[in-house]
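K.L.:
First, the structure itself, so that you have it in front of you.
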Amino acid sequence: MSTPRFLTLPEGVRSERIETATGAFAVLEALPISGVPERWPAILVPGLTGSKEDFLAIMQPLAQSGRRVIAIDMRGQYETSGPEDPGAYRCPALGDDIDSLCQEISGGEPLHLVGHSFGGLVTREAVIDGRTKFASYTLMSTGPAAIVGRRERFGRVMMDELPERGVERIWYERLEPECIAAGVSDEIRAFLHKRLLANSVTGLATMAHEVLTARDRTDELAEVEVPTLVLYGEHDDGWPPESQADMAGRLDADCVVVPGAAHSPAVEAPETTAAALIRFWNLAETGYHGPF
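Every position in the sequence shown, counted from 1, becomes a number in my numbering once 29 is added.
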């Protein structure tokens, strides 16, 4: 669970809703503090138990590079509502949502797409099967297929226990004790509790199933002509760093390992993460395809 370190919206960042052909989505939109966006826009997609707030620490610097930057809540996440149909939360359906959002945001021009963790599995559906022309694509802390390790075990808890035990018991029995042990402040802990309870239970359980059973689409992604970056923390406890490095090789993608970060580089090392994204985006916009 990504844990933002602050919740106050930085200058130039505001809450919005975007209407698309597949529904309305809660977003955070960042614009340059001075001047107008002169570069192609970017959209940031969070992971399974995350939300748009996971990107708060990097949104202002990304926007200051001359871009409109939008972080979203996916369908059924936090402030974006969703139906009770489990099919609405499978990767192809969520990928359709991302494609519709990108179509609405881009206005016909290319845009940069970033998917974090489970958001990477969802966004690759849009890259492989969607209609949008992407300026670049970044997989942040995402592996090639089903998640493994400690986060796999938590995913099974979500999938198996949610329908019977409910979100509230999982929070009090599992997640809140972890937050307290990690020294998370009362303010952030209250936000995490509120965010978790706002999620669709059907959505959480179905998305947990998706992250536990995802098939490897790396070869299909490699056939898409889009500059790609694989970025992850050196201590990632989601997909093993070596599996992400191997995926980057299979994609012939640029690869950035963020020192000191684990599974949420945008929270744990925002300056390094923002700088890496800006540099990659700038090179992608110039058509440069050499070493990153």
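Note that the Cβ used here is the ideal one computed from N, Cα and C, for glycine as well.
Count the other C-beta atoms from every protein chain shown that fall within 10 angstroms of the C-beta of Tyr201, then say buried if there are 16 or more, exposed otherwise.
P.N.:
The sequence position of residue 201 within the sequence shown is 172, counting from 1. Result: exposed.
K.L.:
Which of the three DSSP states, helix, strand or coil, is assigned to Ile176?
P.N.:
Translated into the one-based positions of the sequence shown, residue 176 becomes position 147. It is coil, neither helix nor strand.
K.L.:
Compute the Euclidean distance between the alpha carbons of His222 and Glu197, then round it to the nearest angstrom.
P.N.:
On the sequence shown, residue 222 is found 193 positions in, with the first residue counted as 1. On the sequence shown, residue 197 is found 168 positions in, with the first residue counted as 1. When rounded, the distance between both Cα atoms is 9 angstroms.
K.L.:
Buried or exposed: Leu176, going by 16 or more other Cβ atoms within 10 Å of its Cβ?
P.N.:
As a working mapping, residue 176 is identified with position 147 in the sequence shown. Here the sequence assigns Ile to residue 176, which means Leu is not the residue at that position. The residue in question, Ile176, is buried, as its Cβ has 16 or more Cβ neighbours within 10 Å.
K.L.:
Run through DSSP, which three-state label would Tyr166 get?
P.N.:
Counted from its first residue, the sequence shown places residue 166 at position 137. Looking at Tyr166 - three-state DSSP - the assignment turns out to be strand.
K.L.:
Would the region 296-313 count as touching the region 267-282 if we require 3 or more Cβ pairs under 8 angstroms?
P.N.:
no
K.L.:
Using the DSSP secondary-structure output, state which residues sit across from Gly52 in a beta bridge.
P.N.:
As a position in the sequence shown, residue 52 is number 23, starting the count at 1. Answer is Thr49.
K.L.:
Which of the three DSSP states, helix, strand or coil, is assigned to Thr37?
P.N.:
Translated into positions along the sequence shown, residue 37 becomes position 8. Thr37: coil per DSSP, three-state reduction.
K.L.:
What would DSSP say about Val213, mapped onto helix, strand or coil?
P.N.:
Residue mapping note: residue 213 aligns to position 184 of the sequence shown, counting from 1. Coil, per DSSP.
K.L.:
Give the straight-line distance between the Cα atoms of Leu226 and Leu191, rounded to the nearest whole angstrom.
P.N.:
For the purposes of this step, residue 226 is taken as the residue at position 197 of the sequence shown. For the purposes of this step, residue 191 is taken as the residue at position 162 of the sequence shown. Taking the straight line joining both Cα atoms gives about 12 angstroms.
K.L.:
By how many angstroms is the C-alpha of Asp215 removed from the C-alpha of Ala87?
P.N.:
Residue 87 sits at position 58 when you count from the first residue of the sequence shown. Residue 215 sits at position 186 when you count from the first residue of the sequence shown. Sequence inspection shows Ile at residue 87; the Ala mentioned does not correspond to that position. Answer to the nearest angstrom: the Cα atoms are 23 angstroms apart.
K.L.:
In its own chain, which residues sit with a C-beta less than 6 angstroms from the C-beta of Ser293, not counting the 5 before and 5 after it?
P.N.:
Here residue 293 refers to the residue found at position 264 when the sequence shown is read from its first residue. Ser31.
K.L.:
If you run the structure through DSSP and keep just helix, strand and coil, what is His292?
P.N.:
In the sequence shown, counting from the first residue as 1, residue 292 sits at position 263. In the structure shown, His292 sits in coil (DSSP, three-state: anything other than H, G, I, E or B).
K.L.:
With a Cβ-Cβ cutoff of 8 angstroms, do Ser110 and Gly172 count as a contact?
P.N.:
As a working note, residue 110 is residue 81 in the sequence shown. As a working note, residue 172 is residue 143 in the sequence shown. Contact flag unset, no.
K.L.:
Do Glu40 and Ile62 come within 8 angstroms of each other at the CB atom, strictly closer than that value?
P.N.:
As a first step, residue 62 is located in the sequence shown; it is residue number 33 there, counting from the start. As a first step, residue 40 is located in the sequence shown; it is residue number 11 there, counting from the start. Yes. Within cutoff.
K.L.:
Exposed or buried, what is Arg185 when buried is set at 16 or more other beta-carbons lying within 10 Å of its beta-carbon?
P.N.:
For the purposes of this step, residue 185 is taken as the residue at position 156 of the sequence shown. So Arg185 ends up on the exposed side.
K.L.:
In whole angstroms, what separates the C-alpha of Arg43 from that of Glu58?
P.N.:
Here the question's residue 43 lines up with position 14 in the sequence shown. Here the question's residue 58 lines up with position 29 in the sequence shown. Each residue's alpha carbon lies about 5 angstroms from the other.
K.L.:
At the level of alpha carbons, what is the spacing between Leu38 and Gly144?
P.N.:
For the purposes of this step, residue 38 is taken as residue 9 along the sequence shown, with counting starting at 1. For the purposes of this step, residue 144 is taken as residue 115 along the sequence shown, with counting starting at 1. Looking at the two C-alpha atoms, the distance is approximately 21 angstroms.
K.L.:
Of the choices Glu249, Cys131, Met187, Val98, whose alpha-carbon is the least far from that of Leu306?
P.N.:
Counting from one through the sequence shown, the residue named residue 306 turns up at place 277. Of the candidates Glu249, Cys131, Met187, Val98, the one whose C-alpha sits nearest the C-alpha of Leu306 is Val98.
K.L.:
Using 8 angstroms as the limit for Cβ to Cβ distance, is Val151 near chain C?
P.N.:
Checking the listed chains, one finds no chain C in this structure; it contains a single protein chain.
K.L.:
Would you mind sorting Tyr317 into buried or exposed? The rule is 16 or more other CB atoms within 10 Å of its CB.
P.N.:
Working through the sequence shown from its first residue, we reach residue 317 at position 288. Residue placement at Tyr317 is flagged as unreliable, the pLDDT there being 48, under the threshold of 50; the coordinate-derived value follows with that caveat. Under this definition Tyr317 is an exposed residue.
K.L.:
Buried or exposed: where does Phe35 fall if 16 or more other Cβ atoms within 10 Å of its Cβ makes it buried?
P.N.:
Taking the sequence shown and counting its residues from 1, the one referred to as residue 35 is at position 6. The residue is exposed, with fewer than 16 neighbouring Cβ atoms inside 10 Å.
K.L.:
Quick check on Ala304: does DSSP put it in helix, strand or coil?
P.N.:
Numbered from its first residue, the sequence shown carries residue 304 at position 275. Helix.
K.L.:
Skipping 5 residues on each side, what residues in its chain have a beta carbon closer than 7 angstroms to that of Glu45?
P.N.:
Reading the sequence shown from its first residue, position 16 is the one you call residue 45. Excluding sequence neighbours, Glu45 sits near Val56, Glu58.
K.L.:
Provide the residue span of the alpha helix (DSSP H) that contains Val65, from first to last.
P.N.:
On the sequence shown, position 36 is the one that residue 65 refers to. From DSSP, Val65 is part of no alpha helix (DSSP H); its letter is neither H nor E.
K.L.:
Assuming the contact rule is C-beta atoms closer than 8 angstroms, Val151 and Val253 should be a hit. Round their C-beta distance to whole Å, please.
P.N.:
Counted from its first residue, the sequence shown places residue 151 at position 122. Counted from its first residue, the sequence shown places residue 253 at position 224. Actually they are not in contact, since the Cβ atoms of Val151 and Val253 sit about 15 angstroms apart, beyond 8 angstroms.
K.L.:
Once the 5 residues before and after Val60 are set aside, which same chain residues still bring their CB inside 7 angstroms of it?
P.N.:
As a position in the sequence shown, residue 60 is number 31, starting the count at 1. Here the sequence assigns Leu to residue 60, which means Val is not the residue at that position. Gly41, Pro66, Ala92, Arg97.
K.L.:
So what's Ser44 in DSSP terms, helix, strand or just coil?
P.N.:
Counted from its first residue, the sequence shown places residue 44 at position 15. Three-state result, Ser44: strand.
K.L.:
Could you have a look at Tyr118 and say whether DSSP puts it in helix, strand or coil?
P.N.:
Within the sequence shown, the letter at position 89 stands for residue 118. DSSP places Tyr118 within a helical segment (H, G or I) once states are collapsed to three.
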